[in-house]
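Student: There's a structure below that I have some questions on.
2 protein chains.
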Amino acid sequence: MTEAEVSAKSEAAITLPIPRSFPELDTPLALIEHPTLLRNIGRVAQAARTRGLAVRPHAKAHKSVDLARLQLEHGATGITVAKLSEAEALAAGGIDDLFVCYPLVERTRVERLIALSRRARISTIVESEPQARLLAEAATAAGVELDVTIDVDTGLGRVGVALGPPLEALVHLVERLDGLRLRGLSTHEGFVYGIADPALRRARLTESLSAFVLAGQALSLETISAGATPTIFESMEVSGLTEVRPGNYVFYDAIQVALGAASLEDCAFSVLATVVSVRSGSSAIIDAGSKALSADAGVHGLALLSGYGIVLGRPDVSVIGLSEEHGWLSLDPQGDGVQVGDQLRIIPNHACATVANFDRAYLWEGESVIQEIPISARGAFS
Amino acid sequence: MTEAEVSAKSEAAITLPIPRSFPELDTPLALIEHPTLLRNIGRVAQAARTRGLAVRPHAKAHKSVDLARLQLEHGATGITVAKLSEAEALAAGGIDDLFVCYPLVERTRVERLIALSRRARISTIVESEPQARLLAEAATAAGVELDVTIDVDTGLGRVGVALGPPLEALVHLVERLDGLRLRGLSTHEGFVYGIADPALRRARLTESLSAFVLAGQALSLETISAGATPTIFESMEVSGLTEVRPGNYVFYDAIQVALGAASLEDCAFSVLATVVSVRSGSSAIIDAGSKALSADAGVHGLALLSGYGIVLGRPDVSVIGLSEEHGWLSLDPQGDGVQVGDQLRIIPNHACATVANFDRAYLWEGESVIQEIPISARGAFS
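From first to last, the protein sequence lines stand for chains A and B.
One gets the working numbering by counting positions in the first sequence from 1 and adding 8 to each.
One gets the working numbering by counting positions in the second sequence from 1 and adding 8 to each.
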């Protein structure tokens, strides 16, 4: 085990001795702890308010109209989504300010965006000249003006233009094109997930975002927007940023705990599973497999995880493998063991990938379920 | 690259030069090639018929009422499912002979099973004494008799009793309990996924299933049922087996290709994705990430895979990473490259885990979509 894992497991033992049990509900199911959710949303909202920053949370993390609305009630200025169909699902639920942070490259999809822009306030990203021209032509033909940011690659190497001449050329193009209104720059500094050392992560973040901010200021752009959960509070310290777009922070998960970006007590999302078979003192099977928990073992190079989640209150129990519908537990022979029928609460590796498997999650507090939360944009990929 | 991968990639280049494109459909989407699907179902049906074996395919692979019905039309005697909620979803679609191959351990779930058994022919597994007693008590209280098999662990180490005294004790218990009717023995020889060498895999399979069959015959049991796709045809050669329960064989996938259990031409399921960003001659991004393709890199110890699927007809293109909504392509600099807007067809690592992410799949042939297939039991975990 890594130090972060040891620390996470010790903490589980100390602060959360009793797994919550909901015998009336069939497992596996997705749970969201209400006080923790509110605290997570509130902390980011408060920190941003103090610094005069806008918050535009990323709904890919929860895919839920209810949680997006909660974020807006806490002062978010709008919602970010990865896919157009997520925007459509949230707009259908009444969310009216949506930033589609994904390069739309096909006319059919751009036309869907324009149709949506007649029902809600919509913006999107531009990251190449052909894509800018496609958006501009479709918008002009439809007689609308689309708000856009230019997406910048600040180190993840996924989408976005490079700083310097490529960015400047694209800014000048977009400013000239009819149908587009340039709102500013956006980036996702997701490279921070690949840096295990917190001090190095912070240094790389600050260096990278500072260059990004300078570019935006040199071009006199109004919005300079970034966001990644592991470094959300550090990014707010970068002078000149105007907006943050964290996603996972509503839930946190085993990846964030491994990175030291959250404690187990910050984790609002868990999967409740039932022990269905005990083979020996050292192994057992639960009814949550890869289709429920997700087989995601960390994106963007994270190498801190082992296994498939943290079993709350049970440092003696590890989820060491997943079949489709079975989770494989390893039991410390010195621990208390498990019984068939026991319910265990598991913080998944990646909450965003996990909640997206479920049709609904249960918002709970103490021993009671408060509300069923539809995962409104589940399955919304296109 | 392993030899299997090199072979898979060469084969892709030879037999499937042109990726099918469906410009009218928004990606990423799930495709099922109709002729290949029919051939896969037909081959297993024909081989089983020749040997007088029953086929009870596992619907976890497709979670679809339509495909279950197709399997029944090809002579399947019933359908296997992993979860009770899958059985409920298929029964609601008119599938009337369902084997819930999962240990039900809670009274609420057993009562759901009994309720379902009034609407369809239902059977399930028993793998421990307390679980047998729970099923028997609930069935007796409800005035029904439940068909059961006793599940045997033949090497996977997941669920099931061991051969020998544990099995004999459980058989004698179940035969004495009111409310249960013992149909026979069942196993899932999933350990074959962990054996890379085909000759060794076959030898281990034969040894293991032969012992399993002997146990069933010694106990004079009617049904002796096993099934795992990589060795489905080999298992049919094991004398005395009465039923096979393969799942993945309807689709096959990159795992089966890596195991040598299928060729790329056997793969009926693919994900169509669009290139959304090209960064250089060596890398690009598609609009299918872990939420669509699944991050499953092989269960039960398979170590033959690298990356997240096989790009059909493009041996020069590899899917080397997945964010939630982005797939990372690596491009061979000697290849043809890709353009923004290109559609690529990808055989996922694990088709069962992938199809379960989608609300629907498209059955197609040649250049036409024939039918939309609802993934009826998507999200059915409980």
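Glycine residues also receive a C-beta, built at the ideal position from the N, C-alpha and C atoms.
1. Using three-state DSSP, classify ASP161(B) as helix, strand or coil.
2. Looking at the structure shown, is TYR316(B) part of a helix, part of a strand, or coil, going by DSSP?
3. Please classify ASP186(B) as buried or exposed, where buried requires at least 16 neighbouring CB atoms within 10 angstroms.
4. For the candidate residues VAL252(B), ALA150(B), PHE366(B), whose alpha-carbon lies nearest to that of ALA84(B)?
5. Closest to SER285(A) by C-alpha separation, out of ASP350(A), ARG64(A), GLY50(A), would be which residue?
6. Mind checking whether ALA364(A) and ILE318(A) have CB atoms under 7 Å apart?
7. Identify every run of the alpha helix (DSSP H) within the stretch 106-169 of chain A, keeping only runs that are complete inside it and at least 4 residues long; order them along the chain.
8. The ligand COA and ARG57(B): does the residue's C-beta get closer than 6 Å to at least one heavy atom of that ligand?
9. Using the Cα positions of LEU249(B) and ALA67(B), report the straight-line distance between them to the nearest angstrom.
10. Under 7 Å Cβ to Cβ from LEU121(A), same chain only, skipping five residues before and after it: list those, please.
11. Which complete alpha helix (DSSP H) runs does the stretch 169-228 of chain B hold, if anything under 4 residues is left out?
12. Figure out for me which residue from GLY60(A), LEU217(A), TYR316(A), GLY321(A) has the closest Cα to the Cα of GLY329(A).
13. Output the distance between the C-alpha atoms of ARG59(A) and ASP34(B), rounded to the nearest integer angstrom.
14. Mind reading off the beta-carbon distance from ALA300(B) to LEU352(B)? Whole number of angstroms is fine, and I expect it under 8 Å.
15. I need the DSSP call for ALA234(B), collapsed to helix, strand or coil.
16. For THR44(B), name the three-state secondary structure that DSSP assigns.
17. What residues in its chain sit with their C-beta under 7 Å from that of ALA219(A), if we drop five residues either side in the sequence?
18. Below 8 Å on the Cβ atoms is my contact criterion, and I expect GLU6(A) with ARG191(A) to pass it. Report the Cβ-Cβ distance as a whole number of Å.
19. Tell me the rounded alpha-carbon separation between ASN357(B) and SER228(A).
20. Run through the DSSP bridge pairs and tell me what VAL286(A) is partnered with.
21. I need the DSSP call for GLY50(B), collapsed to helix, strand or coil.
22. Work out the CA separation of LEU154(A) and GLU81(A) for me, nearest whole Å.
23. Tell me whether the beta-carbon of ARG64(B) lies closer than 7 Å to the beta-carbon of THR44(B).
24. Sorted by chain position, which residues of the same chain lie with C-beta nearer than 6 Å to ARG322(B)'s C-beta, five sequence neighbours on each side aside?
25. What residues from chain A crowd round TYR110(B), counting only those whose CB sits closer than 8 Å?
26. Tell me which residue opens and which closes the alpha helix (DSSP H) that GLU373(A) is part of.
27. Report all residues from its chain with a CB closer than 7 Å to the CB of VAL246(A); omit the five preceding and five following residues, and keep chain order.
28. Would PRO36(A) count as contacting chain B if we go by Cβ distances under 7 Å?
29. Quick check on the DSSP output: the beta strand (DSSP E) that includes GLU81(B) runs from which residue to which?
30. Does any C-beta atom of chain A lie closer than 7 Å to the C-beta of ALA364(B)?
31. Which first and last residues belong to the alpha helix (DSSP H) in which SER326(A) is found?
32. Apart from the five residues just before and just after LEU78(B), which ones in its own chain have a Cβ nearer than 7 Å to its Cβ?
33. Counting along the chain, where does the alpha helix (DSSP H) carrying LEU92(B) start and finish?
34. Please name the residue, chosen from SER326(B), VAL279(B), ILE103(B), that lies closest to GLU73(B) on a Cα-to-Cα basis.
35. What's the gap between the Cα of ASP295(A) and the Cα of PRO36(A)?
36. Can you tell me whether GLU273(A) is helix, strand or coil according to DSSP?
Tutor: Taking the structure as given:
1. What you label residue 161(B) is simply residue 153 of the second sequence in a count that begins at 1. Three-state DSSP puts ASP161(B) in coil, outside helix and strand.
2. The residue labelled residue 316(B) in the question sits at position 308 within the second sequence. TYR316(B) falls in the coil class under three-state DSSP.
3. Stepping through the second sequence from its first residue, residue 186(B) is reached at position 178. Result: exposed.
4. Position 76 of the second sequence, counted from the first residue, corresponds to residue 84(B). Ranking VAL252(B), ALA150(B), PHE366(B) by Cα distance to ALA84(B) puts VAL252(B) first.
5. The count along the first sequence starts at 1 and reaches residue 285(A) at position 277. Taking only the C-alpha atoms, the option nearest SER285(A) is ASP350(A).
6. Position 356 of the first sequence holds residue 364(A). Position 310 of the first sequence holds residue 318(A). No. Outside cutoff.
7. 115-125, 137-150
8. This structure does not include the ligand COA; it has no bound ligands of any sort.
9. Residue 249(B) sits at position 241 when you count from the first residue of the second sequence. Residue 67(B) sits at position 59 when you count from the first residue of the second sequence. Straight-line Cα distance between these residues: approximately 21 Å.
10. Start at 1 with the first residue of the first sequence, and residue 121(A) comes out as number 113. Once the five neighbours on either side are set aside, the close Cβ partners of LEU121(A) are LEU92, VAL108, LEU112, ILE130, THR132.
11. 173-184, 206-226
12. Here residue 329(A) is taken as the residue at index 321 of the first sequence, counted from 1. Per the Cα distances, TYR316(A).
13. Mapped onto the first sequence, residue 59(A) falls at position 51. Mapped onto the second sequence, residue 34(B) falls at position 26. Those two C-alpha atoms are separated by around 40 Å.
14. Your numbering for residue 300(B) matches position 292 in the second sequence. Your numbering for residue 352(B) matches position 344 in the second sequence. Not quite, the Cβ-Cβ distance comes to about 13 Å (not below 8 Å), so this is no contact.
15. Position 226 of the second sequence, counted from the start, is the residue given in the question as residue 234(B). DSSP places ALA234(B) in strand when its eight states are reduced to three.
16. Here residue 44(B) refers to the residue found at position 36 of the second sequence. Helix.
17. As a working mapping, residue 219(A) is identified with position 211 in the first sequence. For ALA219(A), where only same-chain residues beyond five positions count, the Cβ hits under 7 Å are LEU171.
18. There is no way to answer for residue 6(A), as the model of chain A reaches only from 9 to 390.
19. As a working note, residue 357(B) is residue 349 in the second sequence. As a working note, residue 228(A) is residue 220 in the first sequence. C-alpha separation (whole angstroms): 47 Å.
20. Translated into positions along the first sequence, residue 286(A) becomes position 278. ALA292(A).
21. For this step, residue 50(B) is matched to residue 42 along the second sequence. In the structure shown, GLY50(B) sits in a helix (DSSP, three-state: H, G or I).
22. Looking up residue 81(A) in the first sequence gives position 73. Looking up residue 154(A) in the first sequence gives position 146. Distance between the alpha carbons of GLU81(A) and LEU154(A) is about 26 Å.
23. For the purposes of this step, residue 64(B) is taken as residue 56 along the second sequence, with counting starting at 1. For the purposes of this step, residue 44(B) is taken as residue 36 along the second sequence, with counting starting at 1. No, these two residues do not count as a Cβ contact at 7 Å.
24. Taking the second sequence and counting its residues from 1, one reaches residue 322(B) at position 314. Same-chain partners within the cutoff: there are none.
25. Against the second sequence, residue 110(B) aligns to sequence position 102. Going along chain A in sequence order, the residues near TYR110(B) (Cβ under 8 Å) are VAL284, ASP295, GLU333.
26. Looking up residue 373(A) in the first sequence gives position 365. It is not in any alpha helix (DSSP H) - GLU373(A) instead sits in the beta strand (DSSP E) that spans 368-373.
27. Within the first sequence, residue 246(A) is the residue found at index 238, counting from 1. Hits under 7 Å: THR214, LEU217, SER218, VAL221.
28. Taking the first residue of the first sequence as 1, we reach residue 36(A) at position 28. Yes, PRO36(A) lies at the interface with chain B (some Cβ there is under 7 Å from its Cβ).
29. Counted from its first residue, the second sequence places residue 81(B) at position 73. Counting along the chain, GLU81(B) falls outside any beta strand (DSSP E), though it belongs to the alpha helix (DSSP H) covering 73-81.
30. Along the second sequence, one-based indexing puts residue 364(B) at 356. Chain A, which has a Cβ nearer than 7 Å to the Cβ of ALA364(B), makes this yes.
31. Here residue 326(A) refers to the residue found at position 318 of the first sequence. Premise fails: SER326(A) lies in the beta strand (DSSP E), 325-330, not in any alpha helix (DSSP H).
32. Along the second sequence, one-based indexing puts residue 78(B) at 70. Closer than 7 Å at the Cβ level, and outside the excluded window around LEU78(B), lie ILE49.
33. Looking up residue 92(B) in the second sequence gives position 84. Per DSSP, LEU92(B) belongs to the alpha helix (DSSP H) from 92-100.
34. Start at 1 with the first residue of the second sequence, and residue 73(B) comes out as number 65. Looking at the sequence provided, one finds Val at residue 73(B) rather than Glu. Out of SER326(B), VAL279(B), ILE103(B), ILE103(B) has the C-alpha closest to the C-alpha of VAL73(B).
35. Against the first sequence, residue 295(A) aligns to sequence position 287. Against the first sequence, residue 36(A) aligns to sequence position 28. Computed Cα separation, rounded: 6 Å.
36. Taking the first residue of the first sequence as 1, we reach residue 273(A) at position 265. Three-state result, GLU273(A): helix.
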